[in-house]
Amino acid sequence: MQSQTHIETILEPGYLDTRFQPIIELARSGEGFRTFAFEGLSRGRAGTNFASAEVLFAYARHKCEESRIDRLCMTNILHAAAGLPQHAQISLNVHASTLSRDGDFVDALAMCADAYGISPSRLIIEVIEHASAWDDIRFAHAIGTLRNLGAGIALDDIGVGLSNYRMMIETRPDYFKIDRFFVTGAEDDRYRRVVIESIASLASKFGARVIAEGVESESDLRRLLDLGVDLFQGFFFAMPISALAAASFPLEVSGVPLQLQSMNR
Amino acid sequence: MQSVALTNASVKNRRMLIVDDEAALLETLSEHFAMMHFIVDCASEVEEAQALLDYRRYDVVLSDLRLSGALIVDGFAIVRQVRHASPNTKIIVLTGYSSPEVEEMAAQFKVDHLLCKPESLLRLSAIVETLLEDGN
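So the protein sequences, as listed, match chains P and H.
Okay, so the first sequence: first residue is 61 according to the working numbering, each after it adds one.
Okay, so the second sequence: first residue is 21 according to the working numbering, each after it adds one.
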């Protein structure tokens, strides 16, 4: 019999690995780009099931430990982000259930950001949810407190799971994040393109911007631009990278033809 | 357990999830079925198995019934999740505590094979192969 559960191992200092993936803003002319934000990502140790972030967070949810995991990831990400360029936003994922059930989470976030010299106005909180029941009032209070601090709110995984219209109403997101499911294969699938265009239109009516995940090719990028997306994240620009690599990631390039802009070349 | 290395076309590159909280047994089973060219994932907790099942589909799930002191009913949580999400997945349940109640629950959740521990690798392999061949 094992002596401790995985959750205890995961919560040990140094177990989780923190990476950052740039979110790129492209000029409409296609003649330049800038690094708009870095999304902080947490992974378990290589060679374990928890090297997959999906499995790591699903495990936390099955254990009803979203809050403890979210707190640890938040602390790790803000610690690692302290050395990132000041103008870039920092986005991090938080379960809606954490915001509604952990009444001290937002205060802890604000204190942690302050400790690492990060203004809350640089933060984008990506709300993720996989459970249907939460405390609406406490959730709304947490979202309101985050806004008062100056943080942006993103709704993650739009179009899949429970990131639905109700969540849009309850979070009033500043950013709609389109899941890679819709992006991958959009080139050859009219229906995926219709969904992306619809989300972009809806975001526009909310006064929000759209982030597309899973951008892997120049054709993906061109197609998404045509559909009204203006923020991009994916292997075409960069894999998730260490904080050190993120600190020296190119922030702005102008006058570069689109086909030369892949950061992985 | 006696170790054997079988390579039947019906099992090549099939995905298998093995769930057991005995690390040594988990390792033995994992190595054995990997040698048979299964793509093997392992889990030692109910919730770890459930997390894997949230995102991956398996051809075979081989699960112990009692994990880290969990009630037998909890062990069947994995079976229930597999049956709900993937009706064609073959489920083999290993138990050291077989009883009419367990057999009844196994039948209720349409477990393909209920085995009492310890079981030889040879027999286990044969059961897996037969289930997959029958399922083709």
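Don't be surprised by glycine CBs; every beta carbon is placed ideally from N, CA and C.
Beta-carbon neighbours of A63 of chain H, restricted to chain P and to distances below 8 Å
What A63 of chain H touches in chain P: N109.
Beta-carbon proximity list for L26 of chain H, same chain, < 6 Å, skipping 5 on both sides
Reliability fails at L26 of chain H, whose pLDDT of 49 lies under 50, so the model's placement of it is uncertain and the value that follows must be treated cautiously. Cβ neighbours of L26 of chain H beyond the five flanking positions: M56, S145.
Check the Cβ of D74 of chain H against every Cβ in chain P and list those closer than 7 Å, keeping chain order.
A118
Own chain partners of G274 of chain P with C-beta closer than 7 Å, once the 5 adjacent residues on each side are dropped:
The beta carbon of G274 of chain P lies closer than 7 Å to those of R240, V243, T244, G294 in the same chain, with the five residues before and after it left out.
Can you find a C-beta in chain P that's less than 8 Å from the C-beta of Q70 of chain H?
yes
Where G95 of chain H falls: helix, strand or coil (DSSP)
helix
Quick check for students: name the residue ranges of the alpha helix (DSSP H) that lie wholly in the segment 266-316 of chain P, counting only runs of 4 or more.
278-286, 303-307
How many Å lie between L135 of chain H and I188 of chain P at the Cα?
Using only the alpha carbons, I get a separation of about 40 Å.
Looking only at its own chain, which residues have a Cβ that is under 6 Å from the Cβ of V154 of chain P, when we skip the five neighbours before and after it?
D130, I185, listed in sequence order.
Residues in its own chain within less than 7 Å of I178 of chain P by CB, not counting five upstream and five downstream?
L138, A141, A142, I150
Tell me whether the beta-carbon of F296 of chain P lies closer than 8 Å to the beta-carbon of L284 of chain P.
no
Cβ distance (whole Å) where L82 of chain H is taken to contact L114 of chain H below 8 Å:
7 Å
C-beta neighbour in chain H for H66 of chain P, strict 8 Å:
yes
Below 7 Å CB to CB, which residues in the same chain sit around T205 of chain P once its five sequence neighbours on both sides are set aside?
V166
What's the call for D154 of chain H, buried or exposed, on a 16-neighbour Cβ count within 10 Å?
exposed
CB contact check: H122 of chain P to chain H, cutoff 8 Å
Chain H has a Cβ within less than 8 Å of the Cβ of H122 of chain P.
Contacts that E230 of chain P makes with chain B (C-beta to C-beta distance below 8 Å):
The structure shown contains no chain B; its protein chains are P and H.
Please confirm whether E139 of chain H has its beta-carbon closer than 8 Å to some beta-carbon of chain P.
No, E139 of chain H lies away from the interface with chain P (no Cβ there is under 8 Å from its Cβ).
According to a CB-to-CB cut-off of less than 9 Å, which residues of the segment 275-291 of chain P neighbour chain H?
none
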